[in-house]
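Enquirer:
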Amino acid sequence: MRLPILAFLLSSFCLSGTFAAPPPNIIVIMADDLGYGDLGCYGAKTLQTPNIDQLAAEGLRFTSGYCSASTCTPTRFSFLTGTYAFRQKGTGVAPPNGPALIQPGTTTIASLMKQAGYATAVIGKWHLGLGDPKPDWNGELKPGPLEIGFDHCHLLPTTNDRVPQVYVHDHRVLNLDPKDPLWVGDKAPDENHPTGITHRSTLRMDWTHGHNGTIHNGIGRIGFYTGGMAARFRDEDLADEWVKRSNTWIEAHKDGPFFLFFAAHDIHVPRMPHERFQGKTKLGFRGDCIVEFDWCVGEIMKTLDRLKLAENTLIVLCSDNGPVLDDGYKDGAVEKLGSHQPAGAFSGGKYSVLEGGTRTPFITRWKGRVQPGVSEQVVCTIDLASSLAALTGTALPETSCRDSINVLPALLGEPGAKGRDHLLQQDNNGVSFGLRMGDWKLVRHKKAKGKSQAVVSVKSHKDAEGLHALYFLPDDPSEENDLSAKNPEKMQAMIAKLDALIAA
Ligand code: NG6
Ligand code: CA
0 MRLPILAFLL
10 SSFCLSGTFA
20 APPPNIIVIM
30 ADDLGYGDLG
40 CYGAKTLQTP
50 NIDQLAAEGL
60 RFTSGYCSAS
70 TCTPTRFSFL
80 TGTYAFRQKG
90 TGVAPPNGPA
100 LIQPGTTTIA
110 SLMKQAGYAT
120 AVIGKWHLGL
130 GDPKPDWNGE
140 LKPGPLEIGF
150 DHCHLLPTTN
160 DRVPQVYVHD
170 HRVLNLDPKD
180 PLWVGDKAPD
190 ENHPTGITHR
200 STLRMDWTHG
210 HNGTIHNGIG
220 RIGFYTGGMA
230 ARFRDEDLAD
240 EWVKRSNTWI
250 EAHKDGPFFL
260 FFAAHDIHVP
270 RMPHERFQGK
280 TKLGFRGDCI
290 VEFDWCVGEI
300 MKTLDRLKLA
310 ENTLIVLCSD
320 NGPVLDDGYK
330 DGAVEKLGSH
340 QPAGAFSGGK
350 YSVLEGGTRT
360 PFITRWKGRV
370 QPGVSEQVVC
380 TIDLASSLAA
390 LTGTALPETS
400 CRDSINVLPA
410 LLGEPGAKGR
420 DHLLQQDNNG
430 VSFGLRMGDW
440 KLVRHKKAKG
450 KSQAVVSVKS
460 HKDAEGLHAL
470 YFLPDDPSEE
480 NDLSAKNPEK
490 MQAMIAKLDA
500 LIAA
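Just so we're aligned, residue 0 is where the sequence shown starts under numbering that gives the first Met the number 0, counting upward by one.
1. Going by the CB atoms, is the gap between Lys133 and Pro98 shorter than 8 Å?
2. Below 8 Å CB to CB, which residues in the same chain sit around Asp498 once its five sequence neighbours on both sides are set aside?
3. Helix, strand or coil for Asn320? Go by DSSP, reduced to three states.
4. Would you check if the distance between the CB atom of Leu46 and the CB atom of Val290 is smaller than 8 Å?
5. Considering just the uninterrupted stretch of the alpha helix (DSSP H) at Lys489, what are its terminal residues?
6. Flag Asp326 as yes when its Cβ comes closer than 7 Å to any non-hydrogen atom of ligand 1, and as no otherwise.
7. Can you say whether Val315 is buried or exposed, counting buried as having 16 or more other CB atoms within 10 angstroms of its CB?
8. What is the DSSP secondary structure of Leu390, reduced to helix, strand or coil?
9. Assign Val424 to one of three DSSP states: helix, strand, or coil.
10. Determine which residues share a DSSP beta bridge with Tyr65 and list them.
11. Which of the three DSSP states is assigned to Ser483 in this structure?
12. Cβ of Cys71 within 7 Å of any heavy atom in ligand 2?
13. Buried or exposed: Ser374, going by 16 or more other Cβ atoms within 10 Å of its Cβ?
14. I want to know whether the segment 468–484 touches the segment 434–448 - three or more CB-CB distances under 8 Å.
15. Using DSSP bridges, identify the partner residues of Cys152.
16. Can you pull the DSSP bridge partners for Asp325?
17. Mapping the DSSP letters down to three states, classify Phe232 as helix, strand or coil.
18. Can you name the start and end residues of the alpha helix (DSSP H) that Val183 belongs to?
19. Please state whether DSSP places Arg60 in a helix, a strand or coil.
20. Please state if the CB of Gly34 and the CB of Gly321 are separated by a distance shorter than 8 Å.
21. Output needed for Asn211: all residues of its chain with C-beta closer than 8 Å, excluding positions within five of it in sequence on either side, in chain order.
22. Determine the direct distance from the alpha carbon of Asp160 to that of His208, and round the result to whole angstroms.
23. How many angstroms separate the CA atom of Gln491 from the CA atom of Ala484?
24. Compare the C-alpha of Gln164 against each of Leu308, Tyr117, Ile214 and Trp206 and name the closest.
25. Please list the terminal residues of the continuous beta strand (DSSP E) segment that includes Asn246.
26. DSSP on Asn24, reduced to helix/strand/coil?
27. Can you give the Cα-Cα distance for Tyr536 and Cys317, rounded to whole angstroms?
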């Protein structure tokens with residue numbers, strides 16, 4: 000390429016933030032329940048994650064990278080729509096027969112990429128509902144991802160601790176035999192239906208709370224189902240399936256550009272890694288699932304290398320919420336934890352608006368474009384919609400992605416680039432909130448109904464008295480020392496900002 004042309008392309012990119020050369024492929028890899036401290040490159044010492052460590056070494060590792068909520072469904076809702084989930088009712092953890100939560104016609108990260116000329120796919124955990132008013136398991140499962148911008152999907156419909164254990168391939172359950180229809184419900188279909196209560200002694204992995212409905216693969220689930228035997232999968236094979244399907248799809252779209260949302264199920268419960276990963280760590284299946292997730296990332300990196308796409312592909316690695324140890328099964332996560340700190344130095348984890356609930360691993364890599372390093376800028380999964388729209392030069396309709404901020408320069412590590420100046424964190428239903436502004440953190444703690452029995456940490460954390468608490472994160476990353484009485488003005492200003500964001 001002649002030098003003046005190269006200079007023009009570089010300067011047009013740097014000045015406008017949009018890309019004059021062919022836009023890159025984009026892969027968002029979202030882990031499930033992966034905590035800030037769960038990876039080698041984020042300080043984990045008792046397990047190895049060589050592939051993700053390499054990704055981080057070749058890219059930008061964020062120390063203030065967040066997801067927007069401390070459970071799955073709301074984080075995924077806001078990642079796709081660029082809108083905080085608390086703004087729409089019913090966006091807490093979706094049940095097995097939950098309807099599609101994102102209406103057809105909504106602008107999503109996928110529809111934006113499609114508009115930019117990208118091939119788009121989601122492969123892995125969905126957990127945003129299917130169908131209207133409920134999934135038609137034996138018919139067409141729509142609306143779903145294909146009605147909001149994805150060309151292709153290959154999914155686990157909710158989470159693997161919820162029924163049914165079948166793949167949804169585009170609009171249908173894969174390998175479903177019409178002579179053996181699938182039935183899914185929230186009550187046992189008859190009194191002889193074996194459940195995790197009636198057949199507890201037969202379980203391969205016992206439950207601690209919930210997860211005592213229908214038994215599949217020796218594991219009790221949330222909810223009940225019958226039929227669809229030929230369509231059912233083994234928990235152990237999920238990671239392989241995501242990798243195989245993703246590699247095939249990437250290869251088919253190698254001429255690009257493509258957008259792949261790789262939504263891993265690791266390391267959500269039931270933690271049942273493939274046999275070849277079982278026992279790989281001293282941390283039990285929770286650790287082994289982290290190693291399995293790391294393997295998945297490595298396989299995708301290998302595919303990009305093989306197809307010579309690494310320099311033309313932006314990878315974003317993130318998590319959907321912070322860590323949890325006992326999330327309803329006896330899998331040894333608590334007993335085998337040892338010195339491992341799943342949330343790093345932070346308090347709380349899944350379900351919490353303390354930092355451990357949403358501050359999670361966040362890495363961008365685009366070989367030859369993103370300067371390797373560590374960034375302290377605040378970025379969030381909710382920002383990817385606006386940022387990737389900017390990257391691909393796609394116009395955002397005025398009323399869409401309202402909470403998504405274009406932090407593209409920060410994601411790409413451009414010198415002097417700033418991330419967010421404020422960040423709202425929500426719990427599952429938007430009952431409690433966190434607000435980070437610079438080094439300060441406000442917590443609005445309301446008691447959620449039906450409080451979770453999950454064990455998120457073995458460290459105890461004493462919540463501050465009262466509705467609000469104020470923390471100074473550089474001195475107090477674990478949010479122990481409530482400074483609200485000493486800083487009433489700061490606290491009032493942050494309460495006003497939080498109220499304004501909620502009302503906006
Ligand atoms: C909870 C489940 C938990 C997990 C969570 C959703 C019980 C007792 N607990 O209700 O196991 O499934 O929902 O996790 O059933 S998430 O990562 O998909 O948000
Ligand atoms: Ca999750």
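Glycine is no exception: its CB is placed at the ideal position from the N, C-alpha and C atoms.
Expert: The short version:
1. Taking a C-beta distance under 8 Å as the contact criterion, Pro98 and Lys133 qualify as a contact pair.
2. None.
3. coil
4. The criterion of a C-beta distance shorter than 8 Å is satisfied by Leu46 and Val290.
5. It spans Pro487 to Ala502 - the alpha helix (DSSP H) in which Lys489 sits, taken as one unbroken run.
6. yes
7. With 16 or more other Cβ atoms from the protein chains shown falling within 10 Å of its own Cβ, Val315 counts as buried.
8. helix
9. First, the amino acid is wrong: residue 424 is Gln here, not Val. Three-state result, Gln424: strand.
10. BP columns for Tyr65 point to Arg358 and Cys379.
11. coil
12. yes
13. buried
14. yes
15. Val121
16. Val454
17. It is coil, neither helix nor strand.
18. Looking at the DSSP string, Val183 is not in any alpha helix (DSSP H); the run it does join, the beta strand (DSSP E), is Trp182 to Gly184.
19. Three-state DSSP puts Arg60 in a strand.
20. yes
21. Thr194, Gly195, Ile196, Arg199 and Gly219
22. The C-alpha of His208 lies about 12 Å from the C-alpha of Asp160.
23. 11 Å
24. If we check each option's Cα against that of Gln164, Ile214 comes out closest.
25. No beta strand (DSSP E) contains Asn246, which is instead part of the alpha helix (DSSP H) from Leu237 to Ala251.
26. strand
27. Look at the range of the chain in this structure, 0 to 503, and you will see that residue 536 is not part of it.
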